[in-house]
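Asks: Residue numbers (my numbering): 13 to 360. Glycine is no exception: its CB is placed at the ideal position from the N, C-alpha and C atoms.
1. Restricting to runs no shorter than 4 residues, where is the alpha helix (DSSP H) found entirely within the stretch 201-271?
2. For residue 166, name the three-state secondary structure that DSSP assigns.
3. For residue 35, does the three-state DSSP call read helix, strand or coil?
4. In whole angstroms, what is the alpha-carbon distance linking residue 110 and residue 284?
5. Could you give the first and the last residue of the continuous alpha helix (DSSP H) run that contains residue 106?
6. Determine, using beta-carbon pairs with one atom in the stretch 287-300 and one in the stretch 334-349, whether at least three such pairs fall under 8 Å.
7. Could you compute how far the alpha carbon of residue 226 sits from the alpha carbon of residue 180?
8. Does residue 291 come out as helix, strand or coil in the three-state DSSP assignment?
9. Name the two residues that bound the continuous alpha helix (DSSP H) containing residue 127.
10. Pull up the CB-CB distance for residue 315 and residue 359, whole angstroms please, since I reckon it's below 8 Å.
11. Within its chain, find whatever has a CB closer than 8 Å to the CB of residue 132; leave out the 5 residues flanking it on each side and keep chain order.
12. Below 8 Å on the Cβ atoms is my contact criterion, and I expect residue 154 with residue 186 to pass it. Report the Cβ-Cβ distance as a whole number of Å.
13. In its own chain, which residues sit with a C-beta less than 8 Å from the C-beta of residue 61, not counting the 5 before and 5 after it?
14. When DSSP builds the beta bridges, which residues end up paired with residue 274?
15. Using the rule of at least 16 other Cβ atoms within 10 Å of the residue's Cβ for burial, across every protein chain shown, is residue 46 buried or exposed?
16. If we ignore side chains and look at the alpha-carbon of each, how far apart do residue 309 and residue 69 end up?
17. Measuring CA to CA, which of 102, 160, 182 and 100 is closest to residue 222?
18. Buried or exposed for residue 303, going by 16 or more other Cβ atoms inside 10 Å?
19. For residue 195, which of helix, strand or coil comes out of DSSP?
20. If you draw a straight line from the alpha carbon of residue 112 to that of residue 169, how long is it in whole angstroms?
21. Exposed or buried, what is residue 190 when buried is set at 16 or more other beta-carbons lying within 10 Å of its beta-carbon?
22. For residue 257, count the other beta carbons within 10 Å of its own beta carbon; 16 or more makes it buried, fewer makes it exposed. Which is it?
23. Does the beta-carbon distance from residue 278 to residue 51 come in below 8 Å?
24. Going by DSSP, which residues form a beta bridge with residue 64?
Here it is in structure tokens:
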């Protein structure tokens, strides 16, 4: 009965998050600029000369990005987070996720989250918090995003600053709840599928400069690398990605320079709810404006994929414990460790 109650609660939570998002659509979708894309080639993940690992994500992917960085701050050297709140905000509680970490009718209990992080670091469940000090972090929140209230994202910034991270906060845009990209198909203020909005700006240039230091201009023409589709079951901690609410297929973009043996950096790019391959195809992979920068900056991009399931009907990443494990935000967390297995295979 406890499992049934938890399943019903988790389903209700994701449905309510969806209702919040779709109800706030501020404008109809518009046709964006079409990027050059690559047809995925089925294969396996290779191993490369990776000199540093970074993570970026939006919405539930933003929450997972922070979980990855905090748990593995010795390995993850920086993060870009769009439309999300502080680490462990939900505290394994659906109501807190809804009303304190999406809406702000409850507080985020920020000081508790900071205390949990320090305690868990002492246990070795996450890396020492000292490793967050000085790390580059880029945070984005649009003024028309009502799915994640600005005060929640403000607390994400305060969370990172508390541990000494170097935070750049972009909160002046009129964006809705979305990943903002020059290749977006939605109007800036909209909150509509596939949650890729064009605001006439290039946040990827901004956050990559924050994370990497210097960034060459993106490749505006045909892409020179390879987009590989790979079997996520190979990396799932239980050997079965669907049992973790993850898709059977993930993607990785590898520039030719990285494939030839040159030293490259690795960026893990985490989609949001209803934005994975089984919901919108390769829209996020194609339009996130990351492959274009990857080509000219010796950057491998890994695109893990979540998918819908009985406890997760909108294909979100697990940032409130819907898989039934309280360990979801720490080392060994089911989805977190599965993605880290992919990182390790790539050489990160």
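Replies: Reading it off the structure:
1. Within the stretch 201-271, the complete alpha helix (DSSP H) runs of at least 4 residues are 215-224 and 268-271.
2. Here residue 166 refers to the residue found at position 154 when the chain shown is read from its first residue. Correct three-state label for residue 166: helix.
3. Counting from 1 along the chain shown, the entry for residue 35 is found at position 23. In this predicted model, residue 35 has a pLDDT of only 37, less than 50, meaning its place in the structure is not dependable; the value taken from the coordinates is given anyway. Under the three-state reduction of DSSP, residue 35 is assigned to helix.
4. Within the chain shown, numbered from 1, the residue matching residue 110 stands at position 98. Within the chain shown, numbered from 1, the residue matching residue 284 stands at position 272. Linking residue 110 to residue 284 through their CA atoms gives a straight-line distance of about 16 Å.
5. Start at 1 with the first residue of the chain shown, and residue 106 comes out as number 94. Residue 106: member of the alpha helix (DSSP H) spanning 106-112, first to last residue.
6. Pairwise C-beta distances place the stretch 287-300 out of contact with the stretch 334-349, as fewer than three of them are shorter than 8 Å.
7. Reading the chain shown from its first residue, position 214 is the one you call residue 226. Reading the chain shown from its first residue, position 168 is the one you call residue 180. One C-alpha to the other measures close to 15 Å.
8. Stepping through the chain shown from its first residue, residue 291 is reached at position 279. Secondary structure at residue 291: helix, using DSSP grouped into helix, strand and coil.
9. Position 115 of the chain shown, counting from 1, holds the residue named residue 127. Looking at the DSSP string, the run of the alpha helix (DSSP H) that includes residue 127 is 122-135.
10. For the purposes of this step, residue 315 is taken as residue 303 along the chain shown, with counting starting at 1. For the purposes of this step, residue 359 is taken as residue 347 along the chain shown, with counting starting at 1. Between residue 315 and residue 359 the beta-carbon gap is near 17 Å, outside 8 Å, which marks them as no contact.
11. To locate residue 132, count along the chain shown from 1; it is residue 120. For residue 132, where only same-chain residues beyond five positions count, the Cβ hits under 8 Å are 138 and 342.
12. The residue given as residue 154 occupies position 142 in the chain shown. The residue given as residue 186 occupies position 174 in the chain shown. The C-beta separation of residue 154 from residue 186 comes to about 6 Å, placing the pair in contact by the 8 Å criterion.
13. As a working mapping, residue 61 is identified with position 49 in the chain shown. These residues qualify, in order along the chain: 270, 273, 274, 275, 276 and 359.
14. Along the chain shown, one-based indexing puts residue 274 at 262. Paired residues: none, contrary to the question.
15. Here residue 46 refers to the residue found at position 34 of the chain shown. By the neighbour-count rule (16 or more Cβ atoms within 10 Å), residue 46 is not buried but exposed.
16. The count along the chain shown starts at 1 and reaches residue 309 at position 297. The count along the chain shown starts at 1 and reaches residue 69 at position 57. If I take the Cα positions, the gap works out to 19 Å.
17. Within the chain shown, numbered from 1, the residue matching residue 222 stands at position 210. Minimum Cα distance to residue 222 is reached at 182.
18. Taking the first residue of the chain shown as 1, we reach residue 303 at position 291. Under this definition residue 303 is a buried residue.
19. Within the chain shown, numbered from 1, the residue matching residue 195 stands at position 183. DSSP, read as helix, strand or coil, puts residue 195 in coil.
20. Here the question's residue 112 lines up with position 100 in the chain shown. Here the question's residue 169 lines up with position 157 in the chain shown. Those two C-alpha atoms are separated by around 16 Å.
21. Numbered from its first residue, the chain shown carries residue 190 at position 178. Flag for residue 190 reads buried.
22. Taking the first residue of the chain shown as 1, we reach residue 257 at position 245. By the Cβ neighbour-count rule, residue 257 is buried, with 16 or more other Cβ atoms within 10 Å of its own.
23. Indexing the chain shown from 1 puts residue 278 at position 266. Indexing the chain shown from 1 puts residue 51 at position 39. No, these two residues do not count as a Cβ contact at 8 Å.
24. On the chain shown, position 52 is the one that residue 64 refers to. 277.
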